[in-house]
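With the sequence shown counted from 1, adding 2 to any position gets you the working numbering.
Each residue gets a CB set at the ideal place from its N, CA and C atoms; glycine is no exception.
Each remark here refers to the structure printed beneath this line.
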Amino acid sequence: DSPLMDGVKVHSQVWMSHGDTISRLPEGGVAIAQTADIPYAAYQIEGEPTFAVQFHPEVFHTEEGTKILSNFALGICGCAGDWTPDSFIETTVADLRAKLGDDKVILGLSGGVDSTVAGVLLHKAIGHNLTSIFVNNGLLRKNEFEDVLASYQDMGLNVIGVDASRAFLDALAGVTEPEAKRKIIGRLFVETFDKYARQIEGARWLAQGTIYPDVIESAGIPGIASKIKSHHNVGGLPKEMNLQVVEPLRMLFKDEVRRVGRALGIKEELVNRHPFPGPSLGVRILGDVTEEKLRILREADDIYIKGLRAYDCTGMGFRSASDPRVMATNLYDAIWQAGVVLLPIR
């Protein structure tokens, strides 16, 4: 009769991928689920809305995991459950208008789905007060700088293409440690945006396509996450920039960003793009970054990605990784993320 297990059938399958087991419950703990081998698969604290599960309710193999999560969010926490891409767009655009007013905003555009969706939201909110900067850091994929600029031409995002490749490659010369490379790239991004921000009169804000996993991985939530890696779009800006940060997607996961992108009418080729690291090919080359290594990696990556796009998997039962409601017609859409890495093999 636990509210967490309301409507869950007695012999429901769950996914428990742990070798450890709870041997004793805390004070006030009452078991609300068990397996043939484990007496405390889930419990609650008497007199409190406090619940714990030993299994993974969020995975496909837990048959009624969505029901359990729904019981928790709607029944126990009292959430409304009314989040939709359209409601997010409506409230976010209104919030951006109120926050930004007539201030001018510079957006760091990368060509990926996150910054694209952030850009379209900002454009809906503030129109011509948005200027987008797409930086060629010298670490992009084959023809990416030109292709991305072309794909934005009819979107009204006021995009400026900046070729800063020489500065990035010079600063990375001889650097091998991945985190050091990330920090160099992050610093140069900020310096590049600062240079162009100073040329735009009245620029007060730097907009970024930061999403929730970026924040988590950078340990941007004290006490909740350990640092996995630094993200160049997390952690604030140097004081001398005199810009404030605006991040309309900061609380969304990638699949939610894609749903918002579709609701905004953004082209599928942009919404479906695989995640690509902010430091670009700089972290897909193990060891130091050179022009020759970049040339090899670009060619290999181009062959691989074109091969995935060309492979017809119609009728093979693969669903689109970015929208599981749709059957994938090629392997690129069936895969969540793909890329080539250059290893220092001698």
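Bridge partner(s) assigned by DSSP for residue i
{"i": "residue 46", "result": "32, 53"}
{"i": "residue 110", "result": "135"}
{"i": "residue 344", "result": "287"}
{"i": "residue 75", "result": "Answer is none; residue 75 lacks a bridge partner."}
{"i": "residue 18", "result": "Residue 18 is not bridged to any residue."}
{"i": "residue 209", "result": "109, 248"}
{"i": "residue 39", "result": "DSSP output for residue 39 lists no bridge partner at all."}
{"i": "residue 314", "result": "332"}
{"i": "residue 165", "result": "138"}
Simplified DSSP assignment, three categories, for residue i
{"i": "residue 160", "result": "coil"}
{"i": "residue 58", "result": "strand"}
{"i": "residue 122", "result": "helix"}
{"i": "residue 7", "result": "helix"}
{"i": "residue 335", "result": "helix"}
{"i": "residue 1", "result": "Limits of the chain in this structure are 3 at one end and 348 at the other, which puts residue 1 out of reach."}
{"i": "residue 84", "result": "coil"}
{"i": "residue 327", "result": "coil"}
{"i": "residue 321", "result": "strand"}
{"i": "residue 104", "result": "coil"}
6 Å Cβ shell around residue i - same chain, five flanking residues per side excluded
{"i": "residue 55", "result": "44"}
{"i": "residue 331", "result": "316"}
{"i": "residue 133", "result": "108, 160, 202"}
{"i": "residue 171", "result": "140"}
{"i": "residue 246", "result": "207"}
{"i": "residue 48", "result": "30, 32"}
{"i": "residue 204", "result": "106"}
Selection from the options that minimises the alpha carbon distance to residue i
{"i": "residue 188", "options": "269, 123, 137", "result": "137"}
{"i": "residue 85", "options": "271, 337, 261, 277", "result": "261"}
{"i": "residue 318", "options": "304, 336, 309", "result": "336"}
{"i": "residue 195", "options": "182, 166, 155, 102", "result": "166"}
{"i": "residue 22", "options": "39, 8, 35, 34", "result": "39"}
{"i": "residue 296", "options": "283, 308, 289", "result": "283"}
{"i": "residue 197", "options": "286, 135, 50, 153", "result": "135"}
{"i": "residue 51", "options": "70, 293, 147, 78", "result": "78"}
{"i": "residue 340", "options": "306, 255, 321", "result": "306"}
{"i": "residue 143", "options": "326, 346, 301", "result": "301"}
{"i": "residue 175", "options": "292, 80, 12", "result": "292"}
{"i": "residue 217", "options": "190, 193, 150, 253", "result": "253"}
{"i": "residue 310", "options": "276, 327, 89, 155", "result": "276"}
Proximal residues to residue i (C-beta, below 7 Å), its chain only, five neighbours per side dropped
{"i": "residue 14", "result": "65, 66"}
{"i": "residue 298", "result": "344"}
{"i": "residue 259", "result": "115, 116, 119, 213, 251"}
{"i": "residue 76", "result": "83"}
{"i": "residue 169", "result": "190"}
{"i": "residue 158", "result": "125"}
Neighbourhood of residue i by C-beta, 8 Å cutoff - its chain only, sequence neighbours within 5 removed
{"i": "residue 312", "result": "332"}
{"i": "residue 91", "result": "123, 126, 262, 265, 266"}
{"i": "residue 269", "result": "153"}
{"i": "residue 74", "result": "6, 53"}
Supposed close pair residue i, residue j - CB separation, criterion 8 Å
{"i": "residue 16", "j": "residue 62", "result": "Contact flag wrong, Cβ pair sits at about 11 Å."}
{"i": "residue 36", "j": "residue 110", "result": "Contact flag wrong, Cβ pair sits at about 51 Å."}
{"i": "residue 248", "j": "residue 102", "result": "7 Å"}
{"i": "residue 303", "j": "residue 342", "result": "4 Å"}
{"i": "residue 173", "j": "residue 186", "result": "5 Å"}
{"i": "residue 215", "j": "residue 278", "result": "At roughly 14 Å, the Cβ-Cβ gap does not stay under 8 Å, so residue 215 and residue 278 are not in contact."}
{"i": "residue 324", "j": "residue 274", "result": "5 Å"}
Cβ-heavy atom distance, residue i to the ligand ATP, below 7 Å
{"i": "residue 192", "result": "Here there are no bound small molecules, and the ligand ATP is not part of this structure."}
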